[in-house]
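The structure appears below as structure tokens.
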């Protein structure tokens with residue numbers, strides 16, 4: 002008999018980040034000695050009548066709110082019919098951003114791997130089992146961390162010495178005084194001059210730049226230093242096809258977009274209208290592993306590369322099954338504070354700065370499903386009171 006979903010459980014929990022605060026607007030994480038920031042995540046369990054449970058830890062509050070719309074649909078269904086469920090849930094969430102699909106779909110893939118006694122990348126079709134990784138920094142701060150162009154260059158050199166083949170700058174933000182375009186440009190030149198001949202360099206203003214003109218000026222500095230890509234520069238939020246097509250036409254540095262473009266069709270239109278050079282995908286943002294791999298195949302069909310956003314086991318499995326992808330994003334890293342990885346893994350899985358080997362690569366988990374074991378005791382002991390069970 003086919004397996005059946007009997008219950009879906011979602012648990013909200015928090016974990017601390019030491020010496021991490023936020024910028025003056027409260028949006029970007031930055032180094033802040035002595036501060037502690039509490040981060041919120043969600044842990045999902047998809048229970049089945051086989052005794053095998055699909056699991057995933059991640060997501061955010063808006064996405065978790067969407068479980069209320071779709072969880073009841075999944076109970077009683079065959080968890081292996083992921084494509085069918087993806088289509089139905091996508092339709093059900095058509096009025097929203099569909100961020101709720103991702104964590105559920107990843108948990109269904111985790112179940113499938115465990116059910117078939119295979120890692121997810123093997124179910125997808127393995128292309129590689131080690132992935133080159135780039136160091137993706139915290140945002141610039143004013144607190145003695147990444148607080149100057151020289152500090153970004155020093156850290157780039159440290160990352161190169163650790164073995165990273167790539168380095169991405171997240172610049173400053175959080176207020177008009179912090180958004181100093183001259184300082185951003187100086188950081189580009191400082192990093193480029195220090196390690197540009199030895200590393201692939203990327204820049205992600207995270208939509209902080211306020212005008213097309215500022216994006217153009219920073220982009221021209223990237224051109225001078227031969228940066229590998231330029232990502233989400235200005236205040237359109239990363240979604241204007243016209244603006245990014247014009248930016249592409251004005252610069253030599255390739256553009257990387259679609260992290261904030263929700264939906265497969267909209268991302269495909271972005272590519273078809275020549276508004277990006279690299280395509281962004283994220284299994285958490287883009288409808289799970291099912292949705293993220295659809296983006297990867299769209300990019301392949303257009304002859305482009307897809308770069309997966311953020312670290313995590315789901316991302317590693319996707320990249321392992323994708324030929325046209327260059328890097329794994331190890332984020333966020335900093336010379337003086339910890340990565341943002343939650344302390345929920347039992348065993349050897351890590352997304353900390355020392356997770357790479359001497360060649361700058363990370364391994365793909367090879368145990369069944371996601372191939373990671375979660376620390377449910379930690380999750381339950383840090384639950385914030387928001388537990389939802391659908392059965």
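Residue numbers (this note's numbering): 2 to 392. A virtual CB, placed ideally from N, CA and C, is assigned to each residue, including glycine.
Under 9 Å, do residue i and residue j count as touching if we go by C-beta distance?
| i | j | result |
| --- | --- | --- |
| residue 7 | residue 77 | yes |
| residue 145 | residue 139 | no |
| residue 374 | residue 350 | yes |
| residue 53 | residue 10 | no |
| residue 19 | residue 339 | yes |
| residue 180 | residue 211 | yes |
| residue 326 | residue 297 | yes |
| residue 172 | residue 232 | no |
| residue 112 | residue 21 | no |
| residue 248 | residue 213 | yes |
| residue 363 | residue 121 | no |
| residue 55 | residue 80 | yes |
| residue 314 | residue 103 | no |
| residue 320 | residue 165 | no |
| residue 305 | residue 136 | no |
| residue 38 | residue 30 | yes |
| residue 110 | residue 318 | yes |
| residue 49 | residue 5 | yes |
| residue 337 | residue 34 | yes |
| residue 203 | residue 238 | no |
| residue 312 | residue 352 | yes |
| residue 291 | residue 155 | no |
| residue 323 | residue 309 | yes |
| residue 369 | residue 119 | yes |
| residue 346 | residue 75 | no |
What residue from the options has the CA that sits closest to residue i's CA?
| i | options | result |
| --- | --- | --- |
| residue 289 | 321, 43, 388 and 83 | 83 |
| residue 23 | 85, 14, 13 and 40 | 40 |
| residue 334 | 355, 263 and 223 | 355 |
| residue 94 | 188, 136 and 287 | 287 |
| residue 17 | 117, 344 and 185 | 344 |
| residue 267 | 300, 48, 64 and 231 | 300 |
| residue 218 | 27, 185 and 230 | 185 |
| residue 328 | 150, 307 and 123 | 307 |
| residue 379 | 365, 187 and 13 | 13 |
| residue 28 | 383, 142, 123 and 65 | 142 |
| residue 245 | 273, 264 and 265 | 273 |
| residue 235 | 257, 31 and 207 | 207 |
| residue 64 | 42, 164 and 49 | 42 |
| residue 242 | 81, 261, 55 and 230 | 261 |
| residue 275 | 259, 3 and 314 | 259 |
| residue 365 | 316, 117 and 309 | 316 |
| residue 134 | 156, 149, 148 and 169 | 169 |
| residue 377 | 25, 58, 38 and 199 | 58 |
| residue 229 | 240, 216, 237 and 255 | 255 |
| residue 32 | 149, 203, 360 and 357 | 149 |
| residue 360 | 200, 38, 174 and 309 | 200 |
| residue 25 | 85, 303, 371 and 177 | 177 |
| residue 62 | 37, 75, 15 and 30 | 15 |
| residue 264 | 66, 253, 309 and 293 | 293 |
| residue 153 | 197, 175, 116 and 110 | 197 |
| residue 367 | 123, 117, 107 and 2 | 123 |
| residue 371 | 385, 174, 117 and 205 | 117 |
| residue 389 | 189, 348 and 67 | 67 |
Spell out the partners DSSP gives residue i in its beta bridges.
| i | result |
| --- | --- |
| residue 22 | 31 |
| residue 364 | 131 |
| residue 118 | In DSSP, residue 118 forms no bridge with anything. |
| residue 201 | 167 |
| residue 281 | 308 |
| residue 179 | According to DSSP, which records beta bridges pairwise, residue 179 is partnered with nothing at all. |
| residue 1 | An answer regarding residue 1 cannot be provided, because it is not within the stretch 2 to 392 covered by the chain. |
| residue 331 | 136 |
| residue 262 | DSSP output for residue 262 lists no bridge partner at all. |
| residue 303 | Paired residues: none, contrary to the question. |
| residue 389 | 11 |
| residue 256 | 231 |
| residue 384 | 14 |
| residue 56 | 46 |
| residue 39 | 17 |
| residue 346 | 375 |
| residue 210 | 235 |
Tell me whether residue i counts as near the ligand COA, meaning its Cβ is closer than 8 Å to at least one heavy atom of that ligand.
| i | result |
| --- | --- |
| residue 278 | What this structure holds is no ligand at all, so the ligand COA is not there to describe. |
- Message: With three or more beta-carbon pairs closer than 8 Å as the criterion, would you say the stretch 63-77 touches the stretch 267-280?
- Response: no
- Message: Could you check whether the stretch 221-228 touches the stretch 191-199, counting it as contact only if at least three pairs of C-beta atoms, one from each stretch, sit closer than 8 Å?
- Response: yes
- Query: With contact counted as at least three CB pairs below 8 Å, one residue from each stretch, are the stretch 121-131 and the stretch 89-103 in contact?
  - Reply: no
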